[in-house]
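Notes follow once the structure below has been shown.
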């Protein structure tokens, strides 16, 4: 479905001189510096996948999405989406993709939602029966019915996002790009949107690429994650692998009857202790928990015990912070 | 073609949302019409004709001009430049439509709305208060409608270019204020071009802006019948082609810039 090889995008940023004289210099000179927004990325996405595209602000996520949608022309590299080079056949490409940019709506501000949808029906030449079927389906899944006749400017953010999602899928695109679809939404609204995305992906086989800063989106939706930073791919694989590779291991939380003085467990390390409760980090992925726990029970009186998986949030924070430390 | 018709209709509907603003607009247009009528009545005392127009002609001119102001978007229209500044152009590029025709349709819908909901009421109020002349013949009225359509299209083609410059200047307001002043003056919206000294009239006749007011109103008044109108229309059609070509070139450059530099 998507084939990306050594894709690069370089921007020229014109140098800006300050002050009155600077303004004159801005007019006559053309100094610029180059910024590599996307620096040789390579990946494949198969039809029907639901991929999370993550990275800190300015990592190159939106630039990649814009190249995939055909809005931006790559500086170099190979890019084929749905059998086409997006920017070379922009209009034709546009018929087969859907996109939601969470920060801005594509609906007409002053018109009722249904009028905007009707307009998109004409723009994408959606057959009447497909239009009716989709409207009914989205009405069910997204609860569009409640605000179909409300002007977009009077919608809540959650309603607007639902309407934008419906608008992006009206023409049955094979591929859906979502740029921060849950930004600024409350928990309930987020859940509703996630459920919808999942349903569309599973039941219609729509390939979905999603950028987000909300790791809840990633955990609920994405089996595969591509993480990009400073234009380069840092990680591409299953969410579980990401958790394992960058997570600091599982943590055993143990309540002792009496906190022992010294610990010596192969494969576990005391992180901290509070009263009679201790946090033990289980080093490495390969360490089996059962023998460790058996040892614990044999040597101490244990009242309670629980295992904490590394949270994806913490994992990603570590990667992002690592980036900050390196920079 | 269906898409563009749809766009025009939606644009028309969109403007229906602002009823109170439109009522205020009608009141303003009618008020300025009344001011013009009072001034012209005073100025015409003792004279039967100025620049080929009688007092009655001039009153009708003033009321028609007020009725057409918004139809022709004489004060300019920043919808497009605002869309460009806010980056909507990137989203619109990702749609299977022609961007130029997309905006042309939206503007035609806007003009149609203002013709029905601003122009007609303003004209009716002026007619009730001061009396207006009717076109001398059905043919003149038909010609008037044709001239209106030409004016709307010329107005759009010109504004597409000035609005697009917003893309390179980050804020097009300065330029738009300047061009709007030029448009108001040379269109005949402020004062009939018939009153201009001959040199100024020939400048105005060479420019495209008289298509917005002077030409349709003179056709309505029967001051310009078909034989006199034809060369003017030919001149304006040449302008129209030039403006559309320039607009499309500007658009191509804008698209290239967006797709290469990200806007």
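Residue numbers (my numbering), protein chains in the order written: chain A, 1 to 327; chain B, 1001 to 1263. A virtual CB, placed ideally from N, CA and C, is assigned to each residue, including glycine.
Determine which residues share a DSSP beta bridge with residue i and list them.
{"i": "residue 256/A", "result": "302/A"}
{"i": "residue 313/A", "result": "In the DSSP output, where bridge partners are listed per residue, residue 313/A has none listed."}
{"i": "residue 76/A", "result": "8/A"}
{"i": "residue 99/A", "result": "177/A"}
{"i": "residue 229/A", "result": "232/A"}
{"i": "residue 1183/B", "result": "Partner(s): none; residue 1183/B has no beta bridge."}
{"i": "residue 1125/B", "result": "Residue 1125/B is not bridged to any residue."}
{"i": "residue 308/A", "result": "251/A"}
What first and last residue would you give for the alpha helix (DSSP H) that runs through residue i?
{"i": "residue 53/A", "result": "Premise fails: residue 53/A lies in the beta strand (DSSP E), 50-54, not in any alpha helix (DSSP H)."}
{"i": "residue 200/A", "result": "187-204"}
{"i": "residue 1109/B", "result": "1099-1114"}
{"i": "residue 1217/B", "result": "1214-1221"}
{"i": "residue 1005/B", "result": "1002-1016"}
{"i": "residue 139/A", "result": "128-142"}
{"i": "residue 1024/B", "result": "1019-1043"}
{"i": "residue 1156/B", "result": "1138-1164"}
{"i": "residue 1199/B", "result": "1198-1206"}
{"i": "residue 65/A", "result": "61-69"}
Following the continuous beta strand (DSSP E) through residue i, name the residue where it begins and the one where it ends.
{"i": "residue 34/A", "result": "32-45"}
{"i": "residue 207/A", "result": "207-211"}
{"i": "residue 1248/B", "result": "Unbroken run through residue 1248/B is the alpha helix (DSSP H), 1226-1261; no beta strand (DSSP E)."}
{"i": "residue 234/A", "result": "232-238"}
{"i": "residue 282/A", "result": "277-282"}
{"i": "residue 269/A", "result": "268-274"}
Going straight from the alpha carbon of residue i to that of residue j, what length do you get?
{"i": "residue 92/A", "j": "residue 1034/B", "result": "54 angstroms"}
{"i": "residue 1103/B", "j": "residue 1157/B", "result": "10 angstroms"}
{"i": "residue 114/A", "j": "residue 1002/B", "result": "18 angstroms"}
{"i": "residue 1184/B", "j": "residue 1073/B", "result": "10 angstroms"}
{"i": "residue 35/A", "j": "residue 12/A", "result": "6 angstroms"}
{"i": "residue 317/A", "j": "residue 38/A", "result": "22 angstroms"}
{"i": "residue 1232/B", "j": "residue 1205/B", "result": "8 angstroms"}
{"i": "residue 233/A", "j": "residue 226/A", "result": "7 angstroms"}
{"i": "residue 258/A", "j": "residue 302/A", "result": "8 angstroms"}
{"i": "residue 85/A", "j": "residue 1023/B", "result": "51 angstroms"}
{"i": "residue 1089/B", "j": "residue 1013/B", "result": "22 angstroms"}
{"i": "residue 77/A", "j": "residue 3/A", "result": "11 angstroms"}
{"i": "residue 1161/B", "j": "residue 1105/B", "result": "16 angstroms"}
{"i": "residue 1118/B", "j": "residue 153/A", "result": "24 angstroms"}
{"i": "residue 1263/B", "j": "residue 1129/B", "result": "For residue 1263/B, the predicted model reports a pLDDT of 49, less than 50, meaning its position is unreliable; a value from the coordinates is still stated below. When rounded, the distance between both Cα atoms is 52 angstroms."}
{"i": "residue 1174/B", "j": "residue 1181/B", "result": "11 angstroms"}
{"i": "residue 1040/B", "j": "residue 1020/B", "result": "30 angstroms"}
{"i": "residue 1258/B", "j": "residue 1222/B", "result": "48 angstroms"}
{"i": "residue 217/A", "j": "residue 182/A", "result": "8 angstroms"}
{"i": "residue 7/A", "j": "residue 240/A", "result": "26 angstroms"}
Among the options, which has the Cα closest to the Cα of residue i?
{"i": "residue 313/A", "options": "34/A, 11/A, 48/A, 54/A", "result": "54/A"}
{"i": "residue 135/A", "options": "107/A, 171/A, 188/A, 101/A", "result": "171/A"}
{"i": "residue 46/A", "options": "240/A, 269/A, 175/A, 241/A", "result": "175/A"}
{"i": "residue 290/A", "options": "307/A, 274/A, 105/A", "result": "307/A"}
{"i": "residue 142/A", "options": "322/A, 155/A, 166/A, 256/A", "result": "166/A"}
{"i": "residue 1111/B", "options": "1134/B, 1254/B, 1046/B, 1067/B", "result": "1067/B"}
{"i": "residue 144/A", "options": "125/A, 127/A, 164/A", "result": "164/A"}
{"i": "residue 63/A", "options": "302/A, 31/A, 101/A", "result": "101/A"}
{"i": "residue 277/A", "options": "266/A, 299/A, 252/A, 297/A", "result": "252/A"}
{"i": "residue 1082/B", "options": "1210/B, 1247/B, 1165/B", "result": "1165/B"}
{"i": "residue 1207/B", "options": "1220/B, 1219/B, 1050/B, 1242/B", "result": "1242/B"}
{"i": "residue 244/A", "options": "179/A, 315/A, 187/A, 279/A", "result": "315/A"}
{"i": "residue 1078/B", "options": "1163/B, 1145/B, 1047/B", "result": "1163/B"}
Let me see if you follow: with CB-CB separation under 8 angstroms, is residue i close to chain E or not?
{"i": "residue 151/A", "result": "Here the protein chains are A and B, and chain E is not one of them."}
Q.
Tell me which residues of the stretch 1086-1098 of chain B have at least one Cβ-Cβ distance to chain A shorter than 8 angstroms, keeping chain order.
A. Listed in sequence order: 1086, 1087, 1088, 1090, 1091, 1093, 1094, 1095, 1096, 1097.
- Where the stretch 50-84 of chain A meets chain B: residues whose CB sits under 8 angstroms from a CB there: Correct list: 63, 66, 69, 70, 71, 72, 73.
For the stretch 112-146 of chain A, which residues have a beta carbon sitting closer than 7 angstroms to at least one beta carbon of chain B?
Against chain B - using a Cβ distance shorter than 7 angstroms - the residues of the stretch 112-146 of chain A are 115, 119, 122, 123, 124.
Q) In chain order, what residues of the stretch 88-103 of chain A put their CB closer than 9 angstroms to some CB of chain B? A) Here the close residues are 90, 91, 92, 93, 94, 95, 97, 99, 101.
| task | May I ask you to list, following chain order, the residues of the stretch 1243-1261 of chain B that have a beta carbon less than 8 angstroms from some beta carbon of chain A? | result | Listed by position along the chain: 1258, 1259, 1260, 1261.
- Query: For the stretch 1222-1234 of chain B, which residues have a beta carbon sitting closer than 9 angstroms to at least one beta carbon of chain A?
  - Reply: Listed by position, the residues of the stretch 1222-1234 of chain B near chain A (Cβ gap below 9 angstroms) amount to none.
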